[in-house]
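Here's the structure we're looking at; comments come further down.
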Amino acid sequence: MAFNVAKVRQDFPIFERTIRDGKKLVYLDSGATSQKPLSVIEAEGNFYKFHNAAVHRGAHQLAEEATDAYEGARLKVANFLGAREEQVVFTKGATESLNLIAYAMGNAAPGTRFALTSKDKIVVTEMEHHANLIPWQQLAARTGAQFSWFEVTPDGRLDLSNINSVITENTKVVALTHQSNVLGTIVPLKAIVTRAHEVGAVVVLDACQSAPHMPIDVTELGVDFLVFSGHKALGPTGVGVLWSSELDDLPPFLYGGSMIETVTMTSATWAPAPRKFEAGVPNMAQTVGLGAAVDYLTALGMGNVHNHEVALTKYLIEKLVQIPGLKIVGPTNLESRGGTVSFTAGDIHPHDLGQFLDSQGVAVRTGHHCAWPLTRKLGVPATTRASLYLYNDESDCDSLFDAIVGAQKYFA
Amino acid sequence: MELDSLYQEVILDHYKHPLNKGLSATYGAQVHHVNPSCGDEITLNVTSEDGVIKSITWDGVGCSISQASVSIASDLLVNKSFAEANVILNEFTELMHSKGSKQGNPDVLDDAVALAGVSKFPARIKCALLGWMAFKDAAVRINTTTEGE
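First to last, the sequence lines map onto chains A and B.
Using our numbering, you'd call the opening residue of the first sequence number 872 and step up by one each time.
Using our numbering, you'd call the opening residue of the second sequence number 20 and step up by one each time.
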């Protein structure tokens, strides 16, 4: 099936509105959150209109329908990842997914598989989003575990030259991003997974910037945990995914209703995964909405989505490098690279540039993109980021180009 | 263009030719403030004598709004008493939170009225206030120290 971006755009009601006195909306901030197709908005609304009830409880028809819809979303997400249903946990977002893993490991009884001591090591990378950095910093602080990281090269790639001294025999967790939310870099996962497993460490993959944009097969990736957020993948806010093949060995993080097997006044035992990680009434309508998002993506074909974005990224980079004074922060070649392009534009501060772009209807993100150690390492206080998605086209890239050139004139 | 109400000529002038940039060797108080949402940072020195502000110097990185705003403040508040500076600071803070409904009193705010347009852009209010909040913090520190002497 040929990918028809004009047709795709018609599915997104937000593109019917205009920005700043009648300008066309040029939305280049999908790395922060994606826009939603009508099918997702309706799925969320229809859950409230027709099926609303607390899932997994209640002896009535609505509760049955709600549970079917919620568990149906789990099956859809499992298929999307090439995984089994019982390996998929719904959380309130990717940030919660990562905190869940870190806190659950912190809850592990001494001597058990995931328990950490000062003899163990946690490894991250310098290009992590704060959400995949701080939970591990804090887990290391709580357990006394050592903490180290892969560095980033000046061209925005992970430096694996010292892989054997970073991932050592005592490494228990390697947590890293699949694709940098600043640089667009896709990490060389295979070498890292191989080395991690060689020393018995688990790999936690932050797929927030990859799962919405390319085909994902957890078996092929070989990682042990994978998380992504619903709202960056056309779904609603308030729902995230945690996938893992290792859930049985991981203790719970949040305790409460629904996650138990038996309870007495002094003790409790846990339901099997994924239920033991879903305490309380979940964000049901949002999860059902995510199911609709996954349906939408699956119908388009993730391979088609990825090819569209690769072609568009090439177009965008080739345009941007023509602008005098503009410097792309991150890889300029297309090898192992996604559609997130950060840059600096001479002396114009990103905040000022972003403001000018907004006046032209062009929505970008500016700042450190929740990856402060990375921007510091790259020697820039802030960057401007354009992040592409399936509804962007060449005219969006042209608009960005024109607006940057306009900003250079305005601030000259 | 509405953008012109934000980027007044006087703001761009201060941005390109900032006043009092470069930290003084000595100071009564030094503070370091950051805007965590965008990474802007400022270090600001204040010296005073007999309750009068003698100098405000600063260094930092940031957007035109934050840089121009601290440049303006560093000029405007010098040779004022802390009480006078406080009146100006309150007037400016009020202007920033006015959502475009106020012009600002030029008799009190001088060049700082050029920042009135910022109040229509909620994401930029913090930029404009960065240097002023740093000053406020430094003033508190100086006066706490003085009282302790």
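We treat Cβ as the ideally placed atom computed from N, Cα and C, and that holds for glycine.
Look at the alpha carbon of residue i and the alpha carbon of residue j, and state the distance between them as a whole number of angstroms.
{"i": "asparagine 1052 of chain A", "j": "valine 1112 of chain A", "result": "18 Å"}
{"i": "alanine 873 of chain A", "j": "glutamate 1189 of chain A", "result": "24 Å"}
{"i": "serine 1138 of chain A", "j": "valine 1094 of chain A", "result": "34 Å"}
{"i": "valine 995 of chain A", "j": "tryptophan 1020 of chain A", "result": "5 Å"}
{"i": "serine 138 of chain B", "j": "glycine 1238 of chain A", "result": "20 Å"}
{"i": "proline 1122 of chain A", "j": "proline 1086 of chain A", "result": "30 Å"}
{"i": "glycine 893 of chain A", "j": "glutamine 1231 of chain A", "result": "10 Å"}
{"i": "tyrosine 26 of chain B", "j": "isoleucine 84 of chain B", "result": "8 Å"}
{"i": "proline 908 of chain A", "j": "cysteine 1268 of chain A", "result": "21 Å"}
{"i": "glycine 1201 of chain A", "j": "alanine 1242 of chain A", "result": "14 Å"}
{"i": "histidine 1222 of chain A", "j": "cysteine 82 of chain B", "result": "6 Å"}
{"i": "valine 71 of chain B", "j": "glycine 1109 of chain A", "result": "52 Å"}
{"i": "aspartate 1264 of chain A", "j": "glycine 1055 of chain A", "result": "18 Å"}
{"i": "glycine 167 of chain B", "j": "arginine 1013 of chain A", "result": "Caution applies to glycine 167 of chain B, whose pLDDT of 42 falls short of 50 and renders its modelled position unreliable; the value that the coordinates give is listed next. Rounded to whole angstroms, glycine 167 of chain B to arginine 1013 of chain A spans 39 Å at the Cα level."}
{"i": "isoleucine 885 of chain A", "j": "valine 960 of chain A", "result": "30 Å"}
{"i": "leucine 1092 of chain A", "j": "leucine 1060 of chain A", "result": "7 Å"}
{"i": "serine 1182 of chain A", "j": "threonine 1203 of chain A", "result": "Inspection of the sequence shows that residue 1182 of chain A is occupied by alanine rather than by serine. Distance between the alpha carbons of alanine 1182 of chain A and threonine 1203 of chain A is about 14 Å."}
{"i": "glutamine 958 of chain A", "j": "leucine 1105 of chain A", "result": "22 Å"}
{"i": "serine 901 of chain A", "j": "glycine 943 of chain A", "result": "26 Å"}
{"i": "tyrosine 46 of chain B", "j": "valine 65 of chain B", "result": "6 Å"}
{"i": "alanine 973 of chain A", "j": "valine 106 of chain B", "result": "49 Å"}
{"i": "lysine 145 of chain B", "j": "valine 89 of chain B", "result": "12 Å"}
{"i": "tryptophan 1141 of chain A", "j": "serine 1115 of chain A", "result": "17 Å"}
{"i": "asparagine 109 of chain B", "j": "aspartate 69 of chain B", "result": "22 Å"}
Give me, in chain order, the residues of the same chain whose beta-carbon lies closer than 8 Å to that of residue i; leave out the 5 immediate sequence neighbours on both sides.
{"i": "lysine 121 of chain B", "result": "Glu113, Leu114, Ala135, Ser138"}
{"i": "glycine 977 of chain A", "result": "Leu987, Leu1010, Arg1013, Thr1014"}
{"i": "glutamate 913 of chain A", "result": "Ala1163"}
{"i": "aspartate 59 of chain B", "result": "Val53, Gly79, Val80, Gly81, Cys82, Ser85, Cys146, Leu149"}
Quick check: is any heavy atom of the ligand HEM less than 6 Å from the C-beta of residue i?
{"i": "phenylalanine 111 of chain B", "result": "Among the ligands in the structure shown, none appear at all, so the ligand HEM cannot be discussed."}
Since residue i is in the alpha helix (DSSP H), which residue starts that stretch and which ends it?
{"i": "isoleucine 107 of chain B", "result": "101-115"}
{"i": "glycine 916 of chain A", "result": "909-917"}
{"i": "glycine 1277 of chain A", "result": "1265-1281"}
{"i": "histidine 33 of chain B", "result": "28-35"}
{"i": "valine 1112 of chain A", "result": "Unbroken run through valine 1112 of chain A is the beta strand (DSSP E), 1111-1115; no alpha helix (DSSP H)."}
{"i": "isoleucine 885 of chain A", "result": "Element bounds for isoleucine 885 of chain A: n/a, residue is neither H nor E."}
{"i": "aspartate 78 of chain B", "result": "Per DSSP, aspartate 78 of chain B belongs to no alpha helix (DSSP H); it is in the beta strand (DSSP E), 71-80."}
{"i": "alanine 92 of chain B", "result": "83-95"}
{"i": "serine 24 of chain B", "result": "22-25"}
How far does the beta strand (DSSP E) with residue i in it extend, from its first residue to its last?
{"i": "valine 876 of chain A", "result": "Careful: valine 876 of chain A lies outside any beta strand (DSSP E), inside the alpha helix (DSSP H) at 876-881."}
{"i": "glycine 1238 of chain A", "result": "1236-1238"}
{"i": "aspartate 59 of chain B", "result": "59-68"}
{"i": "isoleucine 873 of chain A", "result": "As written in the sequence, residue 873 of chain A is alanine, which differs from the isoleucine given in the question. Note, alanine 873 of chain A: premise wrong, no beta strand (DSSP E); not H, not E."}
{"i": "serine 1258 of chain A", "result": "1254-1258"}
Give every residue of the same chain whose Cβ lies closer than 6 Å to the Cβ of residue i, excluding the five residues on either side of it in the sequence, and list them in chain order.
{"i": "alanine 1274 of chain A", "result": "Leu1228, Gln1231, Val1233"}
{"i": "alanine 87 of chain B", "result": "Ile30, His33, Tyr34"}
{"i": "phenylalanine 1099 of chain A", "result": "Ala965, Ala1078, Cys1079, Ala1082, Val1112"}
{"i": "glutamine 1017 of chain A", "result": "Lys992"}
Could you pull out every residue in the same chain whose Cβ sits closer than 7 Å to the Cβ of residue i, ignoring the five residues on either side in sequence?
{"i": "isoleucine 1038 of chain A", "result": "Val994, Val1045, Arg1066, Ala1067, Val1070, Ala1072"}
{"i": "phenylalanine 111 of chain B", "result": "Leu128, Ala131, Trp151"}
{"i": "threonine 1090 of chain A", "result": "Gly953"}
{"i": "valine 1251 of chain A", "result": "Val1200, Thr1215"}
Which ranges does the alpha helix (DSSP H) cover as unbroken runs of at least 4 residues, wholly within the region 1155-1228 of chain A, from first to last along the chain?
1155-1171, 1173-1191
Against chain A: residues of the region 107-139 of chain B by CB proximity under 7 Å
For the region 107-139 of chain B, which is checked against every Cβ of chain A, not one residue is closer than 7 Å.
In chain order, each alpha helix (DSSP H) run of at least 4 residues that lies wholly inside the region 1034-1103 of chain A:
Fully contained in the region 1034-1103 of chain A are the following alpha helix (DSSP H) runs of length 4 or more, in chain order: 1034-1037, 1060-1069, 1089-1092.
Identify every run of the alpha helix (DSSP H) within the region 949-1013 of chain A, keeping only runs that are complete inside it and at least 4 residues long; order them along the chain.
Taken in chain order, the whole alpha helix (DSSP H) runs of length 4 or more contained in the region 949-1013 of chain A are 965-978.
Can you list, in chain order, the residues of the region 1220-1248 of chain A whose Cβ is nearer than 8 Å to any Cβ on chain B?
Correct list: His1220, Pro1221, His1222, Asp1223, Gln1226, Phe1227, Ser1230, Thr1237, Gly1238, His1239, Trp1243, Thr1246.
Given a limit of 7 Å on CB to CB distance, which residues of the region 37-58 of chain B reach chain A?
Ser56, Cys57, Gly58
Output needed in chain order: residues of the region 81-99 of chain B with a Cβ under 9 Å from some Cβ in chain A.
Gly81, Cys82, Ser83, Ile84, Ser85, Gln86
By the 8 Å beta-carbon criterion, what residues does the region 23-35 of chain B contribute toward chain A?
Leu25, Tyr26, Leu31
Give, in chain order, every residue of the region 978-1005 of chain A whose Cβ lies closer than 8 Å to some Cβ of chain B.
Hits within the stretch: zero.
Interface residues of the region 1253-1271 of chain A facing chain B [CB-CB below 9 Å]
Ala1253
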